[in-house]
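Undergrad: This structure is in structure tokens; I'll ask about it shortly.
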Amino acid sequence: MTSMINVFITSPLTSSERKIDLNSTVNQFKKKMEPITGIPPQNQKIWLYVTADSNKRFEITGGGDDDSKLSNFQITPYTRIHIEDTDPDEASQQLEKELLESESDTNNNGGNTDGLYVLEESEYDKMSNTVRKWKQDQKLGRFDPEFNSKKNEIIEKNNKKSELFKINDRCIINSGNVSENGDGKTDIKRLGEIKYIGKIPEIDSENIWIGVELDEPLGKNDGSIKGVRYFQCEKNYGSFVKPSVVEVGDFPKEDLFGSDMDEDEL
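In the numbering used here, the protein residues as written are 22 to 287.
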């Protein structure tokens, strides 16, 4: 019997249909949910609903041991798993991730949807117990009357910050989701130089994006998106990010093999 099932994943600002592995531990599941919901693992509280449209729920917890497997919690296909954010101060960051960062991640990978569950739009509209129907009832996402105003506020804030940057400025990217091997690391320091400031139609038509040539191969591209080049760099040395995660300043290149090490450091 396969351990892969389809479920509805919801959070305060996102919702989607996903395929999950019941052999994953609670800890592994939380790490995979971070780029989807924008909620760090340590701030996640996971709720399992009896059915997708039920109000009855219970918390998925390992009782202090997040190495418990999901298979221990009787998760059935097409039920709903809700990720609650225990840090209320993170709400604006979650919305920002949903509106801006998720588009960048998808397009920087050439639109690759490997591993995602894809359903035809017409078939999805016929279903009555879907996340879309739930979002309509709960007035979430694009069904939220204030969604557009919140979205425009974030876009304006990011675009205004981009005016502070110049080409060839040294910078650091303060974005956590840089690990692509599933190890959950969020502390990798990405230094580089700004090589592009402007809109990227291949991603969206509204936001200003910052193209950075990184000092190390910690990026996702070579300065191009879907065959359109915005700057030149080696493979995996390029990254397109939103202005909110970029900080310019005196960030010299780090010489990992230099001989001028601090005498007080071994």
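By construction, the Cβ of each residue, glycine as well, lies at the ideal position given by its N, Cα and C atoms.
As the structure is a computational prediction, the values presented were derived from the model and not from experiment.
#1: Mapping the DSSP letters down to three states, classify I67 as helix, strand or coil.
#2: Let me make sure I understand the geometry here. Which of I30, V28, L34 has the alpha-carbon closest to that of F168?
#3: Is any heavy atom in the ligand FAD found nearer than 8 Å to the beta carbon of E38?
#4: May I have the straight-line CA-CA distance separating I57 from I188, to the nearest angstrom?
#5: Mapping DSSP to helix, strand and coil, what is F168?
#6: For the structure I just gave you, are there three or more beta carbon pairs, one from the stretch 262-276 and one from the stretch 238-252, closer than 8 Å?
#7: Among all the DSSP beta bridges, which residues are the ones paired with T291?
#8: So, are the CB atoms of F186 and I231 less than 9 Å apart?
#9: Report buried or exposed for V47, applying the criterion of at least 16 other Cβ atoms within 10 angstroms of its Cβ.
#10: Mind checking T100: buried by the 16 CB within 10 Å criterion, or exposed?
#11: Looking only at its chain, what residues have a beta carbon closer than 8 Å to the beta carbon of S24, apart from the 5 residues adjacent to it on each side?
#12: Rounded to a whole number of angstroms, what is the C-alpha to C-alpha distance between F252 and I193?
#13: For T72, does the three-state DSSP call read helix, strand or coil?
#14: Going by other Cβ atoms of all chains shown within 10 Å of its Cβ, with 16 needed for buried, is N64 buried or exposed?
#15: Among the candidates N27, D190, K172, whose CA atom is the shortest distance from the CA of E227?
#16: CA-CA distance, R78 and E55?
#17: Return the Cβ separation of N257 and K241 in integer angstroms, given the expectation that the two are a contact with Cβ distance under 8 Å.
#18: Would you kindly work out how many angstroms separate the C-alpha atoms of R191 and E177, rounded to a whole number?
#19: Does DSSP put N27 in a helix, in a strand, or in coil?
#20: Suppose you measure from the CA of F29 to the CA of L69; what does that come to, to the nearest Å?
TA: Looking at the atomic coordinates:
#1: Residue state, collapsed to three classes: strand.
#2: The candidate whose alpha carbon is nearest that of F168 is L34.
#3: Only the bare structure without any ligand can be found here, which leaves the ligand FAD out of the picture.
#4: Distance between the alpha carbons of I57 and I188: 31 Å.
#5: Looking at F168 - three-state DSSP - the assignment turns out to be helix.
#6: No: the two stretches stay apart, fewer than three of their Cβ pairs being nearer than 8 Å.
#7: No statement about residue 291 is possible, as the shown extent of the chain runs from 22 to 287 and does not include it.
#8: Taking 9 Å as the Cβ cut-off, F186 and I231 qualify as a contacting pair.
#9: Buried: at least 16 other Cβ atoms inside 10 Å.
#10: By the 10 Å Cβ count, T100 comes out buried.
#11: Within the same chain, Cβ atoms closer than 8 Å to the Cβ of S24 are found at D42, L43, N44, S92, the five residues on either side in sequence being excluded.
#12: Between the C-alpha atoms of F252 and I193 there is a straight-line separation of about 18 Å.
#13: If DSSP states are grouped into helix, strand and coil, T72 belongs with coil.
#14: Buried, since its Cβ has 16 or more Cβ neighbours within 10 Å.
#15: Closest in C-alpha terms to E227, from the list N27, D190, K172, comes K172.
#16: In a straight line, the C-alpha of R78 is about 21 Å away from that of E55.
#17: By a beta-carbon distance limit of 8 Å, N257 contacts K241. Their separation comes to about 7 Å.
#18: In a straight line, the C-alpha of R191 is about 23 Å away from that of E177.
#19: For N27, the three-state secondary structure derived from DSSP is strand.
#20: Their Cα atoms are separated by approximately 10 Å.
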